[in-house]
Amino acid sequence: MQPGHVFAGYTIIASQWADDVGSRYLVEHPHLHRREILTIAAGTSRGDQFTSRVQAVAALSHRSLVRIYNYGTEPDGTQWLTTQQIHGESLARRTPSLVEIGSIVSDIADAIDHVHSRGLSHGRIGQSTILLTDKQIGGGRVVIDGLADSATASAAPARSNDQADLADLARRLLIAASPTPVPETAEVVLRRGSALEPELRYPDCRAFAAELARTLPRQEPTRPAPTPLISTAPHPMPTPAQSAPTQLRITPTTSGAPRKSKRTIGLVVAISAAAVAVVVAGLVLWPSGTAKESSASGLSGVTAISVGSGAASGGTTACAVADRHAYCWGDNSNGQLGDGGTTRSTAPKRVDGVSAATDIATGFGQTCAVADGALLCWGRGFLVSSKTPSPIGGLSGVESVSISEKTICATATGTAYCWGGDDTPAPSPVAGLRQVTTLSTGAGTTCAIASGAPYCWGTNANGQVGDGTATTYTDHELNDSDRSSPTRVATLGTASTISTRGGTSCAVADGRAYCWGRNDSGQLGDGSTRHRSTPVELSGLSGVTSIETSGSNTCVVSGDGVYCWGANWAGQLGDGSTGDQRSPVKVDGLGTATAVSVGGDVTCAIVEIRAECWGDNRSGALGDGSSSTSSSTPVTVIAP
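In UniProt numbering, the protein residues as written are 1 to 640.
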């Protein structure tokens, strides 16, 4: 229809789009002279079905849903409806910042849950169905394009599929917003939200969005004032296009084009969002709080970190992934620094031959890194004994790795593999687990998150399997109460991350921390030294995203900082003291942390893309260039 044509009393102003499933026009109301959006379906459905569907959507009352003004069926069967005109830009044409993504996902989730509360499901959520607008209407609005066509009465599992679509949308936005990989803390949330089994997803979309928001920045980075180069005379401020380095914006790397939205009887989608902020080089991309400039002298761009002690030497080694390269420092008695020698280093040394790194683990004289989907190991290992990186055969698509005294485990394409000792000399898949997202092994026990649920198996001397049983410890040999196959951890339905070492196990479930097993140093954090064979929740902690235990002390990243508890002989709790603590104490002087690693007498955290360490420094594992002074508070790991 051309401009000026009248349809159902509405005057056509302009055509917006038309295809084989329908068309949309900007029109003017015949009496109110108000501009509206007219959507006309290309085909027809039963009149009563169309009417009931539109009436169900029109009955929704939510601040984020665009109002349906009118609808009808023409004598020839043509079905149409009009909605409010929204001025904005399609999300498919914009790359929102990390802060905006949290707000966008939260607004969409709130609207979808409202739709679900009326017994409806949407069934189709994507970037092309979202409109970003710079005008706040009622505090911000979200409307699902095509809702009047796709909304159907459905059972809970079908409504849960909307959450999976939302998780898929969030992942694409996060990939586009940052050059670094999606952090594991966010990836765990995304995996649960898109789990194949609906019962393993979050209770609703709001819960998913809230958990994801904890892993994202809460405010935009602030750009420092420009420094005059020649004089102090006023000069124009650079525009965002001039200031924002191109390497900080990438296009989505997901394969295939976004799913095309079926636009029959569509509604406009709107979200109130501020203009995309300029991100300046050197500013943090992934923390859960205010960004700040990274230290010029510190190791920067850190996305993964690991601390481990050596079995024979007694020394401690730390390693990190920074700017997708591997760096190690500290004890090197077994060649675990990967530099070809055995001399320790008090500052990070880049490991040659490791690029496109995404994860790293060190301990007991060996180090392994995930690099471009392959697993490389060095030091005194089970499959290789080399002072430089060597590939581990039989694995591809590797995602994460964990090291213990007698076992190495890795996840690859959602499958868990473990090996070590005479019985399993090469990587072998762990039977009974699907969609493995997190894996941790230590002291003969291994734990994993599979299909969103926590499992443990192996030695159970202190109840660290978490199924309510325990047995006598006998040098890692399996006994009656040990478990030779994955066993569900009691009382925890789902979990986002898990850690086990030294007879202690801990997990995060719905932002809360739980621990069980050995507790002789108070490492369970429940105020006692009593061993537990089932999980106990730690009081006073909320918004927990990361947890790790060494078997003698434990640390978490929570909503308001890093907390540690347990043994503290070297100041590894980071509270400025050297006394043991049976309950969580906050680490002094840290900024916003995203991950923590505990290595017995040394603890390290990723803080605003830098590495901070504290504890025993006799091996140089604090990475500050010295080995003479230990520290009971965090110190910055220096650059190589």
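C-beta atoms are modelled at their ideal positions from N, C-alpha and C, and glycine is treated no differently. As the structure is a prediction and not an experimental result, all values here were calculated from the model.
Counted within 10 angstroms of its Cβ, other Cβ atoms place residue i as buried (16 or more) or exposed
| i | result |
| --- | --- |
| His33 | exposed |
| Ala304 | buried |
| Glu74 | exposed |
| Pro203 | exposed |
| Pro3 | exposed |
| Ser632 | buried |
| Thr454 | Note that residue 454 is Pro in the sequence shown here, rather than Thr. Label assigned to Pro454: buried. |
| Pro425 | exposed |
| Ala611 | buried |
| Ala41 | buried |
| Gln523 | buried |
| His5 | exposed |
| Ser52 | exposed |
| Pro30 | exposed |
| Ala186 | buried |
| Asp76 | exposed |
| Ala17 | Sequence check: residue 17 is Trp here, not Ala. Classification of Trp17: exposed, given that the 10 Å Cβ count is below 16. |
| Asp422 | exposed |
| Ala322 | buried |
| Ser539 | exposed |
For residue i: DSSP bridge partner residues
| i | result |
| --- | --- |
| Gln79 | Thr73 |
| Trp378 | Thr367 |
| Glu537 | Tyr514 |
| Ala177 | Per DSSP, none; premise fails for Ala177. |
| Asn553 | Gly566 |
| Gln84 | Glu36 |
| Ala42 | Answer is none; Ala42 lacks a bridge partner. |
| Thr215 | None, per the DSSP bridge assignment. |
| Leu439 | Ala448 |
| Thr497 | Val508 |
| Ala454 | First, the residue type needs correcting, since residue 454 is Pro and not Ala in the sequence shown. Per DSSP, Ile449. |
| Lys349 | Cys328 |
Selection from the options that minimises the alpha carbon distance to residue i
| i | options | result |
| --- | --- | --- |
| Leu433 | Gly421, Ala14 and Thr413 | Thr413 |
| Gly600 | Gly4, Ala426 and Gly503 | Gly503 |
| Gln55 | Leu65, Cys409, Pro217 and Tyr71 | Tyr71 |
| Thr358 | Thr343, Ala595 and Asp372 | Asp372 |
| Arg380 | Ser333, Ala59 and Ser121 | Ser333 |
| Pro183 | Ile606, Ala18 and Ile37 | Ile606 |
| His114 | Ser428, Ala59, Asp510 and Leu439 | Ala59 |
| His116 | Asp168, Val57, Gly543 and Gly22 | Val57 |
| Ala167 | Val189, Leu622 and Thr367 | Val189 |
| Gly397 | Val596, Val436, Val544 and Leu212 | Val436 |
| Ser355 | Val598, Ser345, Cys368 and Gln572 | Cys368 |
| Leu200 | Ala495, Val562 and Thr578 | Ala495 |
| Thr545 | Val637, Asp588, Ser558 and His531 | Ser558 |
| Gly394 | Leu376, Asp510 and Thr491 | Leu376 |
| Arg171 | Phe208, Pro198 and Glu197 | Phe208 |
| Val99 | Pro217, Ser521, Thr491 and Gly591 | Pro217 |
| Arg191 | Gly119, Cys319 and Leu169 | Leu169 |
| Leu212 | Ile108, Leu131, Cys319 and Arg350 | Ile108 |
| Gly298 | Ile609, Cys328 and Cys205 | Ile609 |
| Gly591 | His5, Thr487, Asp467 and Asp560 | Asp560 |
| Ser583 | Cys555, Ala410 and Gly452 | Cys555 |
| Gly589 | Val562, Ser103, Leu38 and Val598 | Val562 |
| Leu196 | Ala570, Ala450 and Val489 | Ala450 |
| Phe50 | Gln79, Arg35 and Ser23 | Gln79 |
| residue 646 | Pro179, Pro198, Leu131 and Pro181 | One cannot answer for residue 646 here, as it falls past the ends of the chain, which runs 1 to 640. |
Residues near residue i in its chain [Cβ-Cβ closer than 7 Å; skip 5 each side]
| i | result |
| --- | --- |
| Gly340 | Lys387 and Thr388 |
| Gly442 | Ser404, Thr500, Arg501, Gly502 and Gly551 |
| Gly511 | Glu211, Arg214, Ser542, Gly543 and Val544 |
| Gly468 | Ala490, Ser533 and Thr534 |
| Ser428 | Tyr417, Cys418 and Trp419 |
Contact set for residue i: own chain, Cβ-Cβ below 6 Å, skip 5 residues either direction
| i | result |
| --- | --- |
| Gly517 | Asn462, Gly463, Gln464, Gly503, Thr504 and Ser505 |
| Asp526 | Val536 |
| Thr459 | Gly444, Thr445, His476 and Asp482 |
| Ala416 | Val430, Leu433, Val436, Leu439 and Ala448 |
| Thr407 | Cys418, Gly420 and Thr441 |
| Gly353 | Pro389 |
| Ser306 | Cys319, Ile360, Ala361, Thr362 and Ser597 |
Cβ-based neighbour list, residue i, same chain, cut-off 8 Å, excluding 5 preceding and 5 following
| i | result |
| --- | --- |
| Ser627 | Arg344, Thr346, Asn617, Arg618, Ser619 and Gly620 |
| Gly576 | Asp588, Ser632 and Thr633 |
| Gln581 | Gly522, Cys564, Trp565, Gly566, Asn568, Leu573 and Asp575 |
| Gly571 | Ser577, Thr578, Trp614, Gly615, Asp616, Ser630, Ser631, Ser632 and Thr633 |
Residue-chain proximity (residue i, chain B), Cβ-Cβ < 7 Å
| i | result |
| --- | --- |
| Ile40 | You won't find chain B in this structure, because it holds only one protein chain. |
Contact test: residue i Cβ vs the ligand FMN heavy atom, cutoff 6 Å
| i | result |
| --- | --- |
| Cys555 | No copy of the ligand FMN occurs in the structure displayed, which carries no ligand at all. |
Which runs of the beta strand (DSSP E) fall wholly inside the segment 392 to 428 and span at least 3 residues, in chain order?
Within the segment 392 to 428, the complete beta strand (DSSP E) segments of 3 residues or longer fall at 398 to 403, 408 to 412 and 415 to 420, listed in chain order.
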